[in-house]
Ligand SMILES: [Zn+2]
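Residue numbers (our numbering), protein chains in the order written: chain L, 1 to 438; chain X, 439 to 535.
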């Protein structure tokens, strides 16, 4: 058992939510739009069209890089990645090769594992292909939408870490307010590459001599399943003293397995070269500092501050900082709550357990609800104690029987109390009965 | 890369150009001529020249994130060989096992 250590790396594509596309002025939000209604000569790849990079998209890519602790290339450029595929109108994708905007960063997971980020680069999305038997249909509305690709080193060893990394990454881009990262809409696409290393080679740190890439997964759950499936599949192959073929696979959610996905293209040979239509991009220290100053407090820092400042448990702080909106809502409610001497812990509990609709219920309203609930709870508690006391004094025989070991007697007492109380939580009454008998 | 034979078949496939054997021979020798002509650049002394990938001297040519008008669907599809429900239609390209 467990002769192998999984070696997993991850490529993640995140679509930015800019108003316009990466290299032209077409609207970038293509969701639900008429096919091929948001295109122009640039994003259709018509001859002679000139791409001009979107400044905001570049700034956002830098912000993502900085929030992932990356170094920034102060001199950078775009490159052409050449290949033929129908969703790529120009015959090349404008991407970045040797000078990505960000490089050498990291994300630290809750178990302390540090996942190194190899690079963060900017590119353009391709058109959308719809496969229909013998034909494929193409919608170029998505062609040219700004896409940031984040590539890790092969630092994962299980699916659980992969999932947490992805959650953190998604959280970061949402906090930065640069992407919706809505998996169902395809705003975020995941490509794990998986191989297994013989544990005996562990110390050598040599990577396995093959790599299986699973393409275009659009759910954290599926990525977890695909990774676990691949670990099992590759273990079986290696156990037979064979080497899994280096290939690209897809995830089949219906059959719960990965499948070999061969395109008609031969081994990829992208022949990257500097994009001659786009002059290089340079940054000054001041510009980078300015972008850095615009980055809001990120989830990890916020969670730690919530624990310290509001005396919350790590669990509560984690839930409250998952989404920036919710964290802000909590803090606003705490501010109002101070006037009513409501402690932050109480507010945290209410938000986590009652899940108020934070779009509709203002923090001040929530505070009022908490104050009111506190009053009725106290009143109910008093009434409850009074009734239970009555029942106990009126039924001394049953009390004695219960103390003598007769469990049924307790049910009788409970029945008497419930008759007087009406619609209340029986388990709460039962608890109080037991407590007051002793 | 002095006299390495050029793999014309590989290059033609990358360029998505179906070539006959005769064409491969002809284009292969033309490519070799082109490369050896380019080799002449090696004779220039570049000791004091910084490497660069561009010669315009421009930097940071960007645009603001403002949407502009797009083509209409009809205009976008005007030159398509085949069209289906507002989409470009091509032969299937992915084969699954
Ligand atoms: Zn366009």
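For glycine and all other residues, C-beta sits at the position ideal for the given N, C-alpha and C.
Between ligand 1 and the CB of residue 144(L), the shortest heavy atom gap is smaller than 7 Å. A Cβ of chain X is located within less than 8 Å of the beta carbon of residue 130(L). Residues of the stretch 45-61 of chain L with a Cβ closer than 9 Å to any Cβ of chain X, in chain order: 46, 52, 53, 54, 55, 56, 57 and 58. In the DSSP assignment, residue 427(L) falls within the unbroken alpha helix (DSSP H) covering 426-437. Residue pairing by DSSP puts residue 198(L) in a beta bridge opposite 4(L). The beta carbon of residue 227(L) sits no closer than 7 Å to any heavy atom of ligand 1. Between residue 476(X) and chain L, the shortest Cβ-Cβ separation is not below 8 Å. Not a single C-beta of chain X is nearer than 8 Å to the C-beta of residue 94(L). Within the same chain, Cβ atoms closer than 8 Å to the Cβ of residue 429(L) are found at 384, 388, 414, 417, 418 and 421, the five residues on either side in sequence being excluded. With a cut-off of 7 Å, the C-beta of residue 126(L) is classified as distant from ligand 1, since no heavy atom of the ligand falls inside that distance. DSSP places residue 49(L) outside both helix and strand once states are collapsed to three, so it counts as coil. Looking at the DSSP output, residue 92(L) bridges to 82(L). Taken from the Cβ of residue 39(L), at least one heavy atom of ligand 1 lies inside 7 Å. By the Cβ neighbour-count rule, residue 475(X) is exposed, with fewer than 16 other Cβ atoms within 10 Å of its own. Contact with chain X is absent for residue 78(L), since none of that chain's Cβ atoms lies less than 8 Å from the residue's Cβ. For residue 484(X), no alpha helix (DSSP H) segment is defined, and its DSSP state is neither H nor E. Counting only the Cα atoms, residue 91(L) lies some 25 Å from residue 459(X).
Any Cβ of chain X closer than 8 Å to the Cβ of residue 40(L) would place that residue at the interface, and such an atom is present. The beta strand (DSSP E) runs lying completely inside the stretch 307-377 of chain L and spanning 3 residues or more number zero.
In the structure shown, residue 250(L) falls within a strand segment according to DSSP collapsed to helix, strand and coil. Assigned with DSSP and collapsed to three states, residue 105(L) falls in strand. In this chain, the beta strand (DSSP E) harbouring residue 119(L) covers 114-124.
Only residues of its own chain outside the window of five on either side were considered, and among them 229 have a CB closer than 6 Å to the CB of residue 257(L), listed in chain order. Sequence-ordered contacts of the stretch 496-509 of chain X with chain L read 496, 497, 498, 499, 500, 501, 502, 503, 504, 505, 506, 507, 508 and 509 [C-beta pairs closer than 9 Å]. CA-to-CA, the gap between residue 527(X) and residue 141(L) works out to about 15 Å. Distances from the CB of residue 446(X) to the heavy atoms of ligand 1 are all 7 Å or more. Among the residues of the stretch 446-476 of chain X, those with a Cβ less than 7 Å away from any Cβ of chain L are 451, 452 and 454, in the order of the chain.
Its chain contains 63, 66, 67 and 176 as the residues whose beta carbon lies nearer than 8 Å to that of residue 295(L), once the 5 sequence neighbours on both sides are disregarded; these appear in chain order. Within the stretch 343-361 of chain L, no residue has its Cβ closer than 9 Å to any Cβ of chain X. Between residue 187(L) and residue 198(L), the beta carbon gap of about 38 Å keeps them out of contact (Cβ cut-off 8 Å). Per DSSP, residue 178(L) lies in no alpha helix (DSSP H) and is assigned neither H nor E. Residue contact with chain L for residue 494(X): present (Cβ-Cβ distance below 8 Å to some residue of chain L).
Boundaries of the beta strand (DSSP E) harbouring residue 150(L): 146-152, taken from the DSSP string. For residue 21(L), the shortest C-beta to heavy atom distance toward ligand 1 is below 7 Å. In the structure shown, residue 37(L) falls within a coil segment according to DSSP collapsed to helix, strand and coil. Here residue 382(L) is exposed: its Cβ has fewer than 16 other Cβ atoms, across all protein chains shown, within 10 Å.
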